[in-house]
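*Asks:*
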Amino acid sequence: MEPAKTRRTSHVWEHFDLISPNKVKCLLCSRELGYNNNTSSMLRHYRAIHEIKEGHGVGPAQGRPRPTRKQDLDEALVNLIVKDTQPFSVVEDVGFRAFVALLDPNYVIPTRQAIKAMVDAKYVLERNKAIAEMQKVAAVSLTSDMWMSFNMDAYLAVTCHFVDDNTRLNSVLLGVQQFPQTHTAENLARVKASLMEEWGITDKVTCLVTDGAANMISCGKQLKLRHAICIAHTLNLIVKKSLDMTPALCDIRAKARKLVGYFRSSTLAKEKLVSVQRQLGRPTLKLLQEVETRWNSTYHMLQRLVDLREPVGAALASLNTEITTLTSAEFTTISGCLSLLSGFNDATIELSEEKNVSGSKVVPLLKMLEQMLQEEMAKTAVAVAKEMGEHLLRQLRERLHTLQSMSIMSLATLLDPRFKLIGFFSPLKAAEATKRLVTECGALIRTPEAVQPQENPSTSQPEQETPGNHLWHKLDQTVKLSRKTKNATADATVEVQRYLAEPNIGHLEDPLNYWQTQKHVYPQSRVKGYFQRQEKLYQRKGIA
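Take 1 as the starting number for the sequence shown in full-length UniProt numbering and just add one per residue.
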């Protein structure tokens with residue numbers, strides 16, 4: 001017999017049917033639950049499984065649905081799992097459940113399956129928002145990388161970058177997926193093309209930024225996309241190659257790796273180093289090991305050894321080991337090399353923390369590195385450091401020459417109000433970039449539909465026909481085209497020179513904010529519009 005009183009007092013019965021005296025059936029998912037003359041288990045099931053899908057609490061609809069406390073807590077739990085990268089099983093952990101129960105005894109924690117469904121729903125919602133946002137922009141750029149997990153599984157990540165309507169840089173992760181197939185350019189291109197189509201940006205991608213691997217470069221060619229090599233990857237190659245080309249420094253690095261390895265693998269040595277640092281009243285620091293794939297790990301290893309020179313020497317003196325510390329001459333060599341490498345370390349950190357425009361910073365950054373390197377080499381008397389510096393200087397200049405010749409980099413530098421002409425290493429390259437910018441702006445001005453509203457045909461003046469026959473028609477058209485071209489070039493030259501004559505903004509300011517405030521300064525915002533179109537080619541969050 002169905003309990004009429006319970007039906008009248010609990011709306012949860014709208015979603016359940018009593019199929020026996022001690023069992024009920026969910027009308028939404030057909031799951032059967034035990035029944036003991038109360039609706040607790042039914043409420044828990046509905047709230048954990050179905051409430052998130054319906055978007056409102058249990059009860060009769062009264063106008064527009066409003067969030068319940070249960071929904072607010074569920075959303076907070078989903079955000080915790082997503083933002084903190086927690087496993088779904090956290091909702092089953094005894095300690096977590098006890099903590100939540102103490103905070104709110106009435107909150108029914110969703111099951112592992114239910115929280116997974118909530119996270120999936122959150123992903124779909126955020127993904128749809130991101131797709132809608134990207135449909136508003138004219139151009140996007142992509143960055144892509146591959147890596148191996150601890151289990152030796154290959155993964156491919158693709159991120160999209162664009163400038164929104166408020167002139168702010170945005171990034172959206174299009175996908176991170178396992179890549180079991182061979183890492184050929186064809187396979188990479190197929191996966192990336194599929195992602196671009198899935199997100200509706202196939203015709204909007206104007207640049208692909210990757211490392212300098214041959215398959216990545218070939219992938220860009222197959223996709224017919226403009227390709228740019230990550231500047232952080234370039235810096236890594238420059239420094240690693242220079243270090244490897246300095247034999248005396250290679251010997252010191254090998255000795256340093258052995259020394260660090262001893263303190264990191266021996267518990268006794270590790271404890272002794274900590275004890276000595278405490279006795280000397282210093283903060284307890286660990287030695288850092290060099291990593292083959294990152295040049296700055298070499299910098300940090302050597303720098304930490306210099307910082308812990310005294311504690312390491314004291315610890316080794318009291319340990320029964322054949323491992324020896326570095327000599328005074330070797331520490332002098334290390335200090336000289338670190339002075340030359342400090343700027344490269346600063347550049348790597350700055351690019352890794354970059355939140356704004358970074359593509360236009362590439363040429364000026366390398367220029368500053370070249371100048372700093374020359375200054376430091378003039379100061380040092382360490383022969384090994386000078387040798388390493390020569391290798392760094394030669395490779396930097398090679399990279400600068402190449403990058404300044406690329407239109408995408410040269411125009412970006414010129415159009416960044418932080419740098420403009422002073423961002424170039426070569427005045428000749430700056431002049432070439434200015435000429436190229438005038439040409440590009442002139443092309444935009446000659447295309448009225450790209451920068452201004454279409455003229456109303458009813459108000460436009462009809463063209464004057466050539467009297468008589470059409471003998472002079474071809475000449476008249478040539479004159480009109482020539483006049484239009486000359487006017488466009490003149491207008492473009494005026495705009496570009498006006499922009500270049502303005503004072504540069506500070507290097508810590510955001511160039512996108514500058515163009516947002518200056519968009520009404522130039523006629524029809526032609527320069528600003530071109531700047532945005534070019535900058536979108538290589539926007540990147542984090543590392544450029």
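Ideal Cβ placement from N, Cα and C applies to all residues, glycine included.
Which class does Q452 belong to by DSSP, given the choice of helix, strand or coil?
*Replies:* For the purposes of this step, residue 452 is taken as residue 452 along the sequence shown, with counting starting at 1. Residue placement at Q452 is flagged as unreliable, the pLDDT there being 43, under the threshold of 50; the coordinate-derived value follows with that caveat. Note: Q452 maps to coil in three-state DSSP.
*Asks:* Please work out which residues of its chain come closer than 8 Å, Cβ to Cβ, to T234, disregarding the five sequence neighbours upstream and downstream, and give them in chain order.
*Replies:* Counted from its first residue, the sequence shown places residue 234 at position 234. Contacts found: G212, R399.
*Asks:* Suppose contacts are defined by Cβ-Cβ distances below 8 Å. Is T333 in contact with A385 by that definition?
*Replies:* The count along the sequence shown starts at 1 and reaches residue 333 at position 333. The count along the sequence shown starts at 1 and reaches residue 385 at position 385. It is a contact, given that the beta carbons lie within the stated cut-off.
*Asks:* So is Q404 buried or exposed if we call it buried at 16+ other beta carbons inside 10 Å?
*Replies:* Numbered from 1 along the sequence shown, position 404 holds the residue referred to as residue 404. With 16 or more other Cβ atoms within 10 Å, it is buried.
*Asks:* Would you please state the rounded distance, in angstroms, between the beta carbons of V158 and I201? I believe it to be under 8 Å.
*Replies:* Sequence index remark: in the sequence shown, residue 158 carries index 158 (1-based). Sequence index remark: in the sequence shown, residue 201 carries index 201 (1-based). Not confirmed; about 11 Å, so no contact.
*Asks:* Tell me where the beta strand (DSSP E) around K83 begins and ends.
*Replies:* Here residue 83 corresponds to residue number 83 of the sequence shown, with the count starting at 1. It is not in any beta strand (DSSP E) - K83 instead sits in the alpha helix (DSSP H) that spans 69 to 83.
*Asks:* Taking Cβ to Cβ, would you say T321 is nearer than 8 Å to Y262?
*Replies:* Here the question's residue 321 lines up with position 321 in the sequence shown. Here the question's residue 262 lines up with position 262 in the sequence shown. Result yes, Cβ atoms of T321 and Y262 sit closer than 8 Å.
*Asks:* Could you give the distance in angstroms between the alpha-carbon of N504 and the alpha-carbon of V494?
*Replies:* Here residue 504 corresponds to residue number 504 of the sequence shown, with the count starting at 1. Here residue 494 corresponds to residue number 494 of the sequence shown, with the count starting at 1. The alpha-carbon atoms of N504 and V494 are separated by roughly 18 Å.
*Asks:* Assuming T111 and V91 form a contact by the criterion Cβ under 8 Å, report the distance between their Cβ atoms to the nearest whole angstrom.
*Replies:* Taking the sequence shown and counting its residues from 1, one reaches residue 111 at position 111. Taking the sequence shown and counting its residues from 1, one reaches residue 91 at position 91. Beta-carbon to beta-carbon, T111 and V91 are separated by about 7 Å, close enough to satisfy the 8 Å threshold.
*Asks:* At which residue ranges does the stretch 305 to 375 contain complete beta strand (DSSP E) runs of 3 or more residues, listed in the order of the chain?
*Replies:* none
*Asks:* Taking the alpha helix (DSSP H) that T517 belongs to, which residues open and close that run?
*Replies:* Taking the sequence shown and counting its residues from 1, one reaches residue 517 at position 517. Run containing T517: 511 to 517, per the alpha helix (DSSP H) assignment.
*Asks:* When the Cβ atoms of the stretch 307 to 321 are set against those of the stretch 285 to 296, are three or more pairs found closer than 8 Å?
*Replies:* yes
*Asks:* Which one of K116, L225, D93, A193 has the shortest CA to CA distance from D74?
*Replies:* Here residue 74 corresponds to residue number 74 of the sequence shown, with the count starting at 1. Of K116, L225, D93, A193, the residue nearest in Cα terms is K116.
*Asks:* Have a look at G423 and K221 and give me their C-alpha separation to the nearest angstrom.
*Replies:* Within the sequence shown, the letter at position 423 stands for residue 423. Within the sequence shown, the letter at position 221 stands for residue 221. Their Cα atoms are separated by approximately 29 Å.
*Asks:* If the criterion is Cβ atoms closer than 8 Å, does the pair V12 and Y35 meet it?
*Replies:* Here the question's residue 12 lines up with position 12 in the sequence shown. Here the question's residue 35 lines up with position 35 in the sequence shown. Contact flag unset, no.
*Asks:* Got a sec? Which residues, its chain only, sit under 8 Å from L243 by beta carbon, not counting five neighbours each side?
*Replies:* Within the sequence shown, numbered from 1, the residue matching residue 243 stands at position 243. The beta carbon of L243 lies closer than 8 Å to those of L249, C250, R253, W295, T298, M388 in the same chain, with the five residues before and after it left out.
*Asks:* Between which residues of its own chain and Y155 is the CB-CB distance below 8 Å, once the five residues before and five after are set aside?
*Replies:* Within the sequence shown, residue 155 is the residue found at index 155, counting from 1. Once the five neighbours on either side are set aside, the close Cβ partners of Y155 are M146, W147, M148, S149, V176, Q177, Q178, F179.
*Asks:* Sort out for me which residues DSSP pairs M146 with in a bridge.
*Replies:* Counted from its first residue, the sequence shown places residue 146 at position 146. According to DSSP, which records beta bridges pairwise, M146 is partnered with L156.
*Asks:* Which whole-angstrom value is the C-beta distance of C160 and L169, which I expect to be below 8 Å?
*Replies:* As a first step, residue 160 is located in the sequence shown; it is residue number 160 there, counting from the start. As a first step, residue 169 is located in the sequence shown; it is residue number 169 there, counting from the start. No, C160 and L169 are not in contact; Cβ-Cβ is about 12 Å, not under 8 Å.
*Asks:* Under the rule that 16 or more other beta-carbon atoms within 10 Å means buried, what is A501, buried or exposed?
*Replies:* Taking the sequence shown and counting its residues from 1, one reaches residue 501 at position 501. Classification of A501: exposed, given that the 10 Å Cβ count is below 16.
*Asks:* Give me the Cβ distance between G343 and M301, rounded to the nearest whole Å; I'm assuming they're in contact under 8 Å.
*Replies:* As a working mapping, residue 343 is identified with position 343 in the sequence shown. As a working mapping, residue 301 is identified with position 301 in the sequence shown. The Cβ separation is near 18 Å, so there is no contact.
*Asks:* I'd like the list of long-range same chain contacts for T362, defined as Cβ closer than 7 Å, with 5 residues on each side in sequence excluded.
*Replies:* In the sequence shown, counting from the first residue as 1, residue 362 sits at position 362. A small fix is needed here, since residue 362 is Val in this sequence, not Thr. For V362, where only same-chain residues beyond five positions count, the Cβ hits under 7 Å are I231, L403, M409, A544.
*Asks:* Are the CB atoms of L512 and T143 within a distance shorter than 8 Å?
*Replies:* Walking along the sequence shown from the start, residue 143 turns up at place 143. Walking along the sequence shown from the start, residue 512 turns up at place 512. Cβ distance not < 8 Å, so T143 and L512 don't count as in contact.
*Asks:* Are there 16 or more other CB atoms within 10 angstroms of the CB of E375, so buried, or fewer, so exposed?
*Replies:* As a working mapping, residue 375 is identified with position 375 in the sequence shown. Counting Cβ neighbours within 10 Å, E375 comes out exposed, since fewer than 16 surround it.
*Asks:* How about L338 and E370: are their beta carbons less than 8 Å apart?
*Replies:* Within the sequence shown, numbered from 1, the residue matching residue 338 stands at position 338. Within the sequence shown, numbered from 1, the residue matching residue 370 stands at position 370. Result no, Cβ atoms of L338 and E370 do not sit closer than 8 Å.
*Asks:* DSSP three-state call for N151: helix, strand or coil?
*Replies:* As a working note, residue 151 is residue 151 in the sequence shown. DSSP places N151 in coil when its eight states are reduced to three.
*Asks:* Within the same chain, show all residues whose beta-carbon is closer than 8 Å to that of L396, passing over the 5 residues directly before and after it, in chain order.
*Replies:* As a position in the sequence shown, residue 396 is number 396, starting the count at 1. Closer than 8 Å at the Cβ level, and outside the excluded window around L396, lie I238, L366, L369, E370, L373.
*Asks:* Indicate the three-state DSSP secondary structure (helix, strand or coil) for S242 in the structure shown.
*Replies:* To locate residue 242, count along the sequence shown from 1; it is residue 242. Of the three classes helix, strand and coil, the one that applies to S242 here is helix, per DSSP.
*Asks:* Within a Cβ cutoff of 7 Å, which residues of the same chain sit near L27, ignoring the five residues on either side of it in sequence?
*Replies:* Position 27 of the sequence shown, counted from the start, is the residue given in the question as residue 27. These residues qualify, in order along the chain: H15, F16, D17.
*Asks:* Report buried or exposed for V382, applying the criterion of at least 16 other Cβ atoms within 10 angstroms of its Cβ.
*Replies:* The sequence position of residue 382 within the sequence shown is 382, counting from 1. Classification of V382: buried, given that the 10 Å Cβ count is 16 or more.
*Asks:* CB S360 to CB F419, shorter than 8 Å?
*Replies:* Walking along the sequence shown from the start, residue 360 turns up at place 360. Walking along the sequence shown from the start, residue 419 turns up at place 419. Yes, Cβ-Cβ distance for S360 and F419 is below 8 Å.
*Asks:* Quick one: what's got a C-beta closer than 7 Å to S41's C-beta in the same chain, skipping five residues either side?
*Replies:* Translated into positions along the sequence shown, residue 41 becomes position 41. Cβ within range, chain order: L33, G34.
*Asks:* From the DSSP output, in three-state form, read off W13 for me.
*Replies:* As a working note, residue 13 is residue 13 in the sequence shown. W13 falls in the helix class under three-state DSSP.
*Asks:* Which partner residues of L225 appear in the DSSP bridge assignment?
*Replies:* Residue 225 sits at position 225 when you count from the first residue of the sequence shown. The partner list for L225 (beta bridge, DSSP) is empty, contrary to what the question assumes.
*Asks:* For M152, count the other beta carbons within 10 Å of its own beta carbon; 16 or more makes it buried, fewer makes it exposed. Which is it?
*Replies:* Counting from one through the sequence shown, the residue named residue 152 turns up at place 152. That one is exposed.
*Asks:* May I have the straight-line CA-CA distance separating S20 from A98, to the nearest angstrom?
*Replies:* Here residue 20 corresponds to residue number 20 of the sequence shown, with the count starting at 1. Here residue 98 corresponds to residue number 98 of the sequence shown, with the count starting at 1. Those two C-alpha atoms are separated by around 34 Å.
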